[in-house]
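These notes concern the structure reproduced below.
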Amino acid sequence: MIDKFFPIRYKDDIEAAYATILAPYATAFPAPDSRDYEEKLQSDDLRSSFQRDRDRIIHSKAFRRLMYKTQVFVNHEGDHFRTRLTHSLEVSQFARGIAKSLALNEDLAEAIALGHDLGHTPFGHAVESYFDEQLKARGMGRFYHNEQSVRIVDLLESRNSTDYRGLNLTKEVREGILKHNEERSGVYTNLDPYLPCSNLEGQVVNIVDTIAYVCHDFEDGVKSGLLYKNIQNNPDIKEAFLELKEMISEKTKGDICLHCDLYTDTYFIRKLIHYFILNLTKDSHENIIKLKVSSLDDVKRLAEQKKSVIGFNEETKKVFDEFKKFVYKNIYDTQTIVIMDTKAVSVVSEMFEALIKNPKLLPPEWLYKYNHIENDDNYKGYKNNEIRVICDYLSCMTDRYALEEYERLFDARVKL
């Protein structure tokens, strides 16, 4: 028989109780005025501030679209290859695990992780680079997916509010989303764009994002047979793989042995991920002690000095950097992926040029944005212009929708 019943805990109770188990350098609460627009909260709100941010991201259209956006292998290549959505979920899992171990705020880490890739274009980084080239050539700024992610949560998404656009996320989440990637052009000056993230949760996401995509893209390269084919047909790649295999085996005392044979079980990837995540956690804890981090103010002070707290030690970083270098050179930069990227840019560039010549090809809601760019004059990011509206529209597409729209625009046999 239960002799004590616990009362329902509402927002303030939840945040207060959670703060008692967090480290003093964790981000227990958002800073005052952390949201751009003041919100009236109901007294019976059951979620913390960062949990609300997480839920706003999960329920956004941009998050759902990640299901059909390419990670490395385009969606129709196979059902088991990763997409931007599965990648975001994996980053979230890694980030929450490390946050729990270091007594950081798991909810903040999760919100940043789930939102970090919202700004990705269809078909991957090749299209992102194409948009960047087009905007840069016209003197209209840059296009980086991390900045576009902030643009989405700030401007392009909506909570059905007539008072403001965007999701009105906390500054802590927005900063973490912006700084999960090192490429930044200097917009969002209120987020100190050229400094490391001023919360440790964001610093965690920055690194586990890279761990996730490098390890999992390697696994997809093995599962697809791409790496096996490259090794069989290119002695340079074979030599590089054998050197990498030997180094990782040596550093892990024979516990991890890389394989790339056809139909091989990729269980070793799980071991490799565990190795990197465990070492990142231990090394970061040592950094906290060595740098004498005892408060959130210490984290912010170090960030102002361009110093991060979360990171590998030199030995582990060397192993990770060599692994990352191999993946970039021998998976991302090989013929199969380059062909995919070339096709992707061809599809998107034709639509881009067609929309520039005739903006009336835009859907009604996007044509309205195109014709009323002055509505966004007060936006903190890049000022709107006609080209950026077209980039916004095309970048929001999934791979599947981009191909369908391409056919609708250029194939006379397709019904409108």
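Mapping the sequence shown onto the UniProt record's numbering, position 116 (from 1) lands on 116, and the numbers just tick up by one.
The beta carbon of each residue, even a glycine, is placed where N, CA and C say it ideally should be.
Classify residue i as helix, strand or coil using the three-state DSSP reduction.
i: Ser88; result: helix
i: Thr70; result: strand
i: Thr83; result: strand
i: Asn358; result: coil
i: Glu219; result: helix
i: Ala26; result: coil
i: Phe5; result: coil
i: His180; result: coil
i: Arg413; result: coil
i: Pro196; result: coil
i: Ile21; result: coil
i: Gly115; result: helix
i: Asn234; result: coil
i: Val187; result: coil
i: Gln42; result: coil
i: Asp36; result: coil
i: residue 427; result: Because the chain here runs from 1 to 416, residue 427 falls outside it and cannot be looked at.
i: Thr210; result: helix
i: Ala62; result: helix
i: His120; result: coil
i: Asn330; result: helix
i: Ala31; result: coil
Quick one: is residue i near chain D, going by C-beta distance under 8 Å?
i: Ile356; result: The chain labelled as chain D is not found in the depicted structure, where only one protein chain is given.
With distance defined between alpha-carbon atoms, name the residue in the options nearest to residue i.
i: Ser48; options: Lys357, Asp298, Cys260 and Thr170; result: Thr170
i: Leu167; options: Ser149, Glu182 and Leu46; result: Ser149
i: Lys238; options: Asp220, Val72, Val389 and Leu258; result: Leu258
i: Leu156; options: Phe410, Asp297, Leu409 and Trp366; result: Trp366
i: Ile207; options: Lys223, Gly225, Asp163 and Asn279; result: Asn279
i: Lys329; options: Phe29, Phe218 and Leu200; result: Phe218
i: Cys391; options: Lys369, Ile231, Phe410 and Arg408; result: Lys369
i: Gln51; options: Ser88, Lys11, Leu272 and Phe81; result: Lys11
i: Pro24; options: Glu90, His372 and Ser294; result: Ser294
i: Ile152; options: Arg413, Arg408, Tyr401 and Cys396; result: Cys396
i: Thr342; options: Tyr401, Arg408, Gly124 and Phe143; result: Gly124
i: Lys253; options: Tyr267, Val187, Tyr275 and Asp236; result: Tyr275
i: Ala17; options: Arg64, Asn105 and Asn313; result: Asn105
i: Asp220; options: Val327, Glu175 and Ile373; result: Val327
i: Asp399; options: Pro363, Asn385 and Met340; result: Met340
i: Leu262; options: Leu296, Ser224 and Ala240; result: Ser224
i: Phe94; options: Ile112, Tyr332 and Thr83; result: Ile112
i: Ile269; options: Ser249, His285 and Thr281; result: Ser249
i: Leu102; options: Asp411, Gln305 and His285; result: His285
i: Asp333; options: Leu409, Val72 and Asp33; result: Val72
i: Ile211; options: Asp321, Asn160, Pro235 and Leu135; result: Asp321
i: Arg54; options: Leu362, Ile177 and Glu404; result: Ile177
i: Asp13; options: Phe143, Thr264, Thr189 and Leu46; result: Leu46
i: Tyr144; options: Glu183, Leu135, Pro363 and Arg174; result: Glu183
i: Lys271; options: Thr281, Asp255, Lys292 and Asp265; result: Asp255
i: Ile331; options: Ala240, Leu291, Lys292 and Thr266; result: Ala240
i: Arg64; options: Lys40, Pro32, Gly119 and Asn233; result: Gly119
Return the bridge partner residues of residue i from the DSSP annotation.
i: Gly166; result: Ser158
With distances taken between CB atoms, is the gap from residue i to residue j smaller than 8 Å?
i: Pro196; j: Ser43; result: no
i: Gly311; j: Asp154; result: no
i: Lys179; j: Gly202; result: yes
i: Thr336; j: Asp283; result: no
i: Tyr37; j: Asp163; result: yes
i: Leu302; j: Cys260; result: no
i: Ser185; j: Glu133; result: no
i: Thr121; j: Glu110; result: no
i: Asn287; j: Thr27; result: no
i: Arg138; j: Ile387; result: yes
i: Ile98; j: Ile273; result: no
i: Asn358; j: Met140; result: no
i: Phe323; j: Val204; result: no
i: Tyr130; j: Val345; result: yes
i: Tyr406; j: Glu350; result: yes
i: Leu394; j: Val348; result: yes
i: His216; j: Arg82; result: yes
i: Leu114; j: Ile21; result: no
i: Phe29; j: Glu15; result: yes
i: Leu409; j: Leu362; result: no
i: Ser88; j: Glu172; result: no
**Asked** Can you list the alpha helix (DSSP H) stretches of 4 or more residues lying completely in the stretch 245–319, in chain order?
**Response** Within the stretch 245–319, the complete alpha helix (DSSP H) segments of 4 residues or longer fall at 267–290 and 296–304, listed in chain order.
**Prompt:** Taking only runs of the alpha helix (DSSP H) that begin and end inside the stretch 334–411, which ones reach a length of at least 4 residues, in chain order?
**Reply:** Segments of the alpha helix (DSSP H) lying fully in the stretch 334–411: 335–357, 364–371, 386–395 and 399–410.
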